[in-house]
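Taking my numbering, the leading residue of the sequence shown gets -10, the next gets one more, and so forth.
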Amino acid sequence: MFDLNIIFNDVRENGISDVTIKIFYCGMCRTDVHFAKNDWGDTI
């Protein structure tokens, strides 16, 4: 099969023209799984 992992990235402080948003929920569709598995042969 394949492994999917949660990755946390450090981000810089907001600048004067930046906006901060909070993401409470995130989902994966089957297309994401096909892409992760390179089922179509075009994943970089």
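We put the beta carbon where it would ideally sit given N, CA and C, even for glycine.
Residue nearest to Thr41 in terms of C-alpha spacing, selected from Ile10, Phe13 and Trp29: Nothing about residue 41 can be read from this structure; the chain reaches only from -10 to 33.
Determine the closest residue to Thr9 out of Cys15, Gly16 and Val0, with distance taken between C-alpha atoms. Val0
What does a CB cutoff of less than 6 Å around Met17 pick up in its chain, not counting 5 residues either side in sequence? none
Distance, Cα to Cα, Lys11 vs Ile5? 18 Å
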